[in-house]
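Asker:
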Amino acid sequence: SNNGIGSGGGRGGRSRGSRSSHGGHGVVQESGVIMDSAEREWILSQGPTGGAVWDIFRAEDQKALKDFLWKVAAEDGIAHRLAHPVHDACFYLDDKLRRRLRDEAGVVGYRFVQHEGEAVFIPAGCPHQVFNIRSSIKVAEDFVSPDHIDRCLELTEDFRQLPRTHRRAEDTLGVKDIMVHSVSHALAVLGRAGQADIQAVSPIGSAEFDSSEDES
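Residue numbering for the sequence shown follows my numbering, starting at 15 and increasing by one per position.
1) Since I believe Val153 is in contact with Ile192 (beta carbons under 8 Å), could you give me their beta-carbon distance rounded to a whole number of angstroms?
2) Alpha carbon to alpha carbon, how far is Leu79 from Pro62? Give it in angstroms, no decimals.
3) What number of angstroms, rounded off, separates the C-alpha of Asp156 from the C-alpha of Phe135?
4) Just verifying my parser: in three-state terms, what is the DSSP assignment at Ala202?
5) Judging by CA-CA distance, which residue of Thr170, Ile19 and Val127 is the nearest neighbour of Glu55?
6) Could one say the Cβ of Ala78 lies closer than 8 Å to chain B's Cβ atoms, at least one of them?
7) Under 8 Å between the Cβ atoms of Ile151 and Ile57?
8) Spatial neighbours of Pro99 within its chain, please: CB distance less than 7 Å, with the 5 preceding and 5 following residues excluded, ordered by chain position.
9) From which residue to which residue does the alpha helix (DSSP H) around Arg114 run?
10) Find the nearest neighbour of Cys166 within the set Val144, Gly139 and Arg174, judged by alpha-carbon distance.
Structural data, given as structure tokens:
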């Protein structure tokens, strides 16, 4: 199966086949992704443990990638059917489109093969796509990293602006709820620590005061 280009921090989607109105691009065929002989040989050279081919793009390149996909969608006459060319996860960038993306937008992703037993970490906000080259079972877990909380909030805002019927409109990360609970927990810990400090200091202060009274 082929998961179309999508954004980090959520689930990817199925690629749209070339039997639809994709014009001459034919990003994905019913039989699979279009690839040249060199790419096919590279995939086969990965051996029997190679399970999936990934393309992961920098979060900073998401706007340029989105603009490029809007352009491709307009060329194919399907732009009016899209809510967001990345979050819709309806494009798979084959070699031809990846070359265009590089030449026209200056965007190049990280392309690699995931082997059996390996895990792939996708930072928040990084558009990505995956093409399974063997039968696979996907196990995925979303989480919020404190280092990328700003990107998670940006994603949440992007999802909020999608149509209500869109499958990504739901806030699956719950970033704001996590932040509220984290701050509440931090304040509770600080409160307990402050009380502990007071209890630790008070007896010593009382002893010193009593001692000074005895000496006088």
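Every residue gets a Cβ at the ideal spot worked out from N, C-alpha and C, and that includes glycine.
Answerer: Judging by the given coordinates:
1) Your numbering for residue 192 matches position 178 in the sequence shown. Your numbering for residue 153 matches position 139 in the sequence shown. Actually they do not touch by this definition, with Cβ atoms about 22 Å apart.
2) As a first step, residue 62 is located in the sequence shown; it is residue number 48 there, counting from the start. As a first step, residue 79 is located in the sequence shown; it is residue number 65 there, counting from the start. C-alpha separation (whole angstroms): 32 Å.
3) For the purposes of this step, residue 156 is taken as the residue at position 142 of the sequence shown. For the purposes of this step, residue 135 is taken as the residue at position 121 of the sequence shown. Each residue's Cα considered, the two are about 10 Å apart.
4) Position 188 of the sequence shown, counted from the start, is the residue given in the question as residue 202. Residue state, collapsed to three classes: helix.
5) Translated into positions along the sequence shown, residue 55 becomes position 41. The residue with the shortest Cα to Cα distance from Glu55 is Val127.
6) Going by chain labels, chain B is absent from the structure shown, which holds only one protein chain.
7) Mapped onto the sequence shown, residue 151 falls at position 137. Mapped onto the sequence shown, residue 57 falls at position 43. No. Outside cutoff.
8) As a first step, residue 99 must be located in the sequence shown, where it is residue number 85. If we look at Pro99 and ignore the five residues flanking it on each side, its Cβ neighbours are Lys80, Leu83, Trp84, Ala87 and Phe105.
9) Walking along the sequence shown from the start, residue 114 turns up at place 100. Going by DSSP, Arg114 is part of the alpha helix (DSSP H) stretching over Asp109 to Ala119.
10) Within the sequence shown, the letter at position 152 stands for residue 166. In terms of CA proximity to Cys166, Gly139 leads the group Val144, Gly139 and Arg174.
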